[in-house]
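Report on the following structure.
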Ligand SMILES: [Zn+2]
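Numbering (mature numbering (1 follows the signal peptide of the UniProt record, and there is no 0)), first residue to last: -22 to -1, 1 to 419.
Next comes the structure, spelled out in structure tokens:
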């Protein structure tokens, strides 16, 4: 290549680069700006643990809020863990407000096990959008905004103020996110009367709705006893004492599981007790000393308490039957979250006429052509428990019908038509709840 042709080559390359960069057809910006592409863009922000990019998520949501004309505030209840609050003021600020909540973070994904990259938000020709967070719960995050965008465009004006919150850390327990938000002065000032939080998909054609979560407890039982030769039979060895506990807990577990197997209850309505680890033995070389009975033994259990159960009765059972001092046992019970609200009531949102919000919610779903399934207790937990602890009626709801339940699984996806239908459902819910004037003081 001569120097001249090199220069002309360089100029050509630079020119074509410039054209390429300036040409919207050739870049991502060529994507039409629609509710579905806005959902895809949000899914592409990597908010998966252990290093969720909260800043980019908040900045993206803020740009959406600006385009819709919503007020925006960012709180840092914990440094580097922003919480975004958007507000659509109602005409009567004396009425309790409506809060729509979702979490910014998601669980990690193993790209090699996915059919499509988990942060590409690839949309198949059939309309399935594959991404971590597609169901849990970035769909509702964008649906809330799109529903408000449409309502505003139709000149709808809410009577009650509508708030939309985007909270960090739900997937790791919410202690630095919704837990701090719910007890803050800033939260009190919002005068929240009713909360909608995330729910779950349904493979069938009814919308699922959740009125309570189960509370997770971790129980560690430790046994002590006289050590002894492997050949000796004697009472109260550490292993024997721990094994008695395990037997009693296994029997209790069976009584609960039998109810599920017999069809008298669903999983989330019973107390689940599952052993998660066993630790004992005298380590020797690559294995254990087989001629020694150890002086210490330990077991860990994951327990889930439905709100219909008195937690004090379970605690009594732990102290008296499962880990009594009389058998040389000690225990540690770690309660991950509340079991009662600030008034001492179970963390359950009524789904009958005693809750005026319920009737309005139910009618709004029907008005949008949807069918509600029988209200359920969620088998796991969400941030909703922190709102319920403040005595605020809170329902878990993600409008996903005819969708396999894929939260936290490989190949999480949501179909575009289901996503778009969800926006219509929220338009109906938000307009009904925000124009509802009675009976919630
Ligand atoms: Zn979630």
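Positions of the beta carbon are idealized from the N, C-alpha and C atoms, including for glycine.
- For residue 112, the CB contacts under 7 Å within the same chain, skipping 5 residues up- and downstream, are 21, 390, 391 and 392 in chain order.
- By the criterion of a C-beta distance shorter than 6 Å, residue 245 is surrounded in its chain by 238 and 357, once the five residues flanking it on both sides are discounted.
- According to DSSP, residue 270 shares a beta bridge with 207.
- Checking the 7 Å criterion, the Cβ of residue 390 is out of range of every heavy atom belonging to ligand 1.
- Secondary-structure assignment with DSSP links residue 372 through a beta bridge to 173.
- Rounded to whole angstroms, residue 340 and residue 377 show a C-alpha spacing of 13 Å.
- The Cβ atoms of residue 154 and residue 365 do not sit closer than 8 Å to each other.
- Assignment of alpha helix (DSSP H) within the stretch 153 to 199, counting only whole runs of 4 or more residues, yields 156 to 160 and 163 to 167 in chain order.
- Following the DSSP letters along the chain, one finds residue 413 inside the alpha helix (DSSP H) bounded by residues 394 to 413.
- In this structure, 271 is the residue among 26, 255 and 271 with its C-alpha nearest to the C-alpha of residue 261.
- Between residue 292 and residue 334, the alpha-carbon positions lie close to 33 Å from each other.
- Under the 8 Å Cβ criterion, the stretch 180 to 194 does not count as touching the stretch 84 to 104, having fewer than three qualifying pairs.
- Relative to the Cα of residue 268, the nearest Cα in the group 156, 206, 173 and 24 belongs to 206.
- Remark: the shortest separation between the CB of residue 394 and any heavy atom of ligand 1 does not fall under 7 Å.
- Not one heavy atom of ligand 1 is found less than 7 Å from the C-beta of residue 303.
- The Cβ atoms of residue 193 and residue 283 sit closer than 8 Å to each other.
- When secondary structure is reduced to three states using DSSP, residue 144 falls in the strand class.
- In this structure, ligand 1 has a non-hydrogen atom nearer than 7 Å to the beta-carbon of residue 176.
- Of the residues 119, 330 and 28, the one whose Cα lies closest to the Cα of residue 149 is 28.
- Taken from the Cβ of residue 148, at least one heavy atom of ligand 1 lies inside 7 Å.
- The three-state secondary structure of residue 360, taken from DSSP, is coil.
- Judged by DSSP in its simplified three-state form, residue 283 adopts strand.
- Ranked by Cα distance from residue 371, the first of 343, 256, 240 and 338 is 338.
- A buried status is given to residue 84, since no fewer than 16 other beta-carbon atoms sit within 10 Å of its beta-carbon.
- The beta carbon of residue 317 sits closer than 8 Å to the beta carbons of 193, 283, 285, 289, 324 and 325 from its chain, once the five residues preceding and following it are set aside; these are given in chain order.
- Burial of residue 121 is indicated by the presence of at least 16 other C-beta atoms within 10 angstroms of its C-beta.
- Counting along the chain, residue 225 sits inside the alpha helix (DSSP H) bounded by residues 216 to 239.
- DSSP places residue 254 in the uninterrupted beta strand (DSSP E) bounded by 250 to 258.
- The Cβ atoms of residue 101 and residue 26 lie no closer than 8 Å to each other.
- For residue 299, there is no enclosing beta strand (DSSP E), as DSSP marks it with neither H nor E.
- Minimum Cα-Cα distance from residue 17 among the listed residues 105, 51 and 64 corresponds to 105.
- Residue 19 and residue 159 have their C-alpha atoms roughly 27 Å apart.
- Leaving aside the five residues that flank residue 43 on each side, the residues in its chain whose CB is nearer than 6 Å to its CB run, in chain order, 50 and 64.
- Ligand 1 never approaches residue 381 closely enough for any of its heavy atoms to be under 7 Å from the residue's Cβ.
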